[in-house]
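Residue numbers (the numbering used here), protein chains in the order written: chain A, 1 to 241; chain B, 1 to 238.
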């Protein structure tokens with residue numbers, strides 16, 4: 001369970017998060033949408049401690065993220081993250097990208113790590129790309145390797161930061177399919193995305209953020225059929241075409 | 001062309017001058033290589049300090065770079081040679097001053113420390129060219145800051161900065177000639193020595209010039225191979 005309680009964050013004078021409250025239960029998938037600059041990515045980075053915040057608290061699996069006594073590195077092992085621009089290590093092959101953290105952090109042997117990596121590459125559908133460098137992979141393939149890299153730590157939670165925004169339309173589906181499978185297998189996920197097909201299929205809840213606030217929340221039906229605020233209505237009219 | 005001056009190129013190989021030049025070249029190569037090892041290791045370390053999240057470490061890195069790159073190398077060398085031993089107290093200073101070939105070691109350390117400040121800035125430039133999300137991606141897998149730099153960021157940044165590092169590697173051999181001012185018998189020193197004995201400084205200096213050129217071109221060739229071997233796929237290379 002991820003509990004976000006009264007979280008506020010400032011960059012200098014500018015408040016990026018305004019009193020955010022949210023609970024993501026085990027096995028739930030929550031989709032966050034909203035215009036750029038609304039604080040979605042920042043919220044995600046607060047959850048695994050990549051960004052500090054000034055007020056409130058975030059508790060992941062019973063561990064308080066913003067407690068100086070928390071071993072944040074240990075906590076991050078349980079929270080996988082996928083980025084908009086993949087962020088694979090360009091000087092390593094797909095296999096090396098996936099095995100690095102299991103070998104260095106979990107202290108798996110190279111053999112164990114590689115077996116785990118190959119299983120994951122099969123799961124995301126590209127075992128034949130194991131020895132390719134990121135530059136030789138398409139965007140969709142790179143993102144699937146990035147998902148495998150996150151899963152290799154066997155996390156309990158997954159954070160997705162606009163995982164399909166940098167992809168060609170044709171490649172979006174191959175990445176979404178992997179994410180949908182994950183959600184259906186019971187992964188606890190928080191996804192910043194504007195892929196509403198994905199939201200309809202697996203989201204237990206949709207959050208709509210604007211100017212650092214959660215303006216609206218509800219199930220897919222509630223949010224799309226019956227938006228309460230003008231801002232949400234306007235937003236929906238722009239993303240559904 | 002006719003000159004009143006009688007050329008005698010044999011001063012480059014005649015006994016004992018040929019040996020002098022070879023010995024000088026050997027010292028130049030030794031000083032350059034050993035100083036380069038110091039410069040590379042220390043430079044990577046200092047460069048990393050400059051961007052860590054720990055404020056006082058950043059301060060330490062910045063202080064180092066500004067101190068060593070803002071003082072002329074020749075002044076630094078004089079300082080280490082004449083004042084350096086005194087930093088260890090009077091008793092130890094006497095012992096240090098009795099070390100045979102002290103100028104050789106001072107040249108290596110002085111050149112290494114100076115070049116490290118320059119390497120550190122290249123390393124920092126390499127770090128700056130890597131996106132913030134890349135750092136965060138490494139941390140998100142549970143790796144510590146040290147692991148992040150050790151396994152991903154430093155190997156990545158070093159590949160990016162091979163071209164300016166090649167220049168630093170070249171320059172370290174050229175700068176080693178400054179060590180003649182503390183009496184180190186390296187290549188430039190030996191060519192002056194030949195001049196002093198034979199009055200054929202023109203030939204001796206020309207000889208030294210071509211040897212430096214050849215040495216530099218060898219470094220370029222070597223670094224070119226390294227660059228090729230470690231080229232990141234998909235990036236522009238030569």
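All C-beta atoms, glycine included, are put in the ideal place defined by N, C-alpha and C.
B:165 is the residue among B:165, B:228 and B:196 whose C-alpha sits nearest the C-alpha of residue 37 (chain B). Of all C-beta pairs linking the region 151-161 of chain A to the region 198-218 of chain A, fewer than three are shorter than 8 Å, placing the two stretches out of contact. Non-local C-beta neighbours of residue 34 (chain B) in its own chain, meaning closer than 7 Å and more than five positions away in sequence, comprise 108, ordered along the chain.
With the rule of 3 Cβ pairs closer than 8 Å, the region 132-151 of chain B counts as touching the region 75-86 of chain A. Rounded to whole angstroms, the gap between the alpha carbons of residue 191 (chain A) and residue 154 (chain B) is 31 Å. Approximately 43 Å separates the beta-carbon atoms of residue 10 (chain B) and residue 69 (chain B); this is outside 8 Å, ruling out the contact. Look at residue 8 (chain B): its C-beta is not under 8 Å from any C-beta on chain A. One alpha carbon belongs to residue 180 (chain A), the other to residue 96 (chain A), and they sit about 25 Å apart.
Note on geometry: alpha-carbon atoms of residue 61 (chain A) and residue 50 (chain B) lie some 35 Å from one another.
Counting other Cβ atoms within 10 Å of its Cβ, residue 237 (chain A) stays below 16 and is therefore classed as exposed. In the DSSP assignment, residue 157 (chain A) falls outside any alpha helix (DSSP H) and within the unbroken beta strand (DSSP E) covering 157-161. Judged by pairs of C-beta atoms under 8 Å, the region 225-237 of chain B touches the region 123-143 of chain A, as three or more such pairs exist. Linking residue 227 (chain B) to residue 169 (chain B) through their CA atoms gives a straight-line distance of about 14 Å. In terms of beta-carbon proximity, residue 233 (chain B) lines the interface with chain A, with at least one pair separated by less than 8 Å.
In the same chain as residue 124 (chain A), and ignoring 5 residues on each side of it, the C-beta atoms closer than 7 Å to its own belong to 144, 147, 148 and 178, in chain order. Proximity of residue 89 (chain A) to chain B, defined by a Cβ-Cβ separation below 8 Å, is satisfied. Taking the beta carbon of residue 105 (chain A) as reference, the chain B residues within 9 Å of it are 141, 142, 143, 144 and 147, listed in sequence order.
Separation of the CB atoms of residue 191 (chain B) and residue 179 (chain B) is rounded to 14 Å, and the pair is thereby denied contact status at 8 Å. Nearest in C-alpha terms to residue 153 (chain A), of all of A:227, A:186, A:75 and A:127, is A:75.
Residue range 188-192 is occupied by the beta strand (DSSP E) that includes residue 190 (chain A). The region 37-47 of chain A and the region 198-210 of chain A touch, with three or more beta-carbon pairs separated by less than 8 Å. Within chain B, the C-beta atoms nearer than 7 Å to that of residue 101 (chain A) come from 141, 142 and 143, in chain order. One alpha carbon belongs to residue 200 (chain B), the other to residue 19 (chain B), and they sit about 16 Å apart. The C-beta separation of residue 44 (chain B) from residue 146 (chain B) comes to about 13 Å, leaving the pair out of contact by the 8 Å criterion.
For residue 210 (chain A), the enclosing beta strand (DSSP E) covers residues 205-210. Judged by beta-carbon spacing, residue 53 (chain A) lies within the 8 Å limit of residue 9 (chain A), meaning their Cβ atoms are closer than that value.
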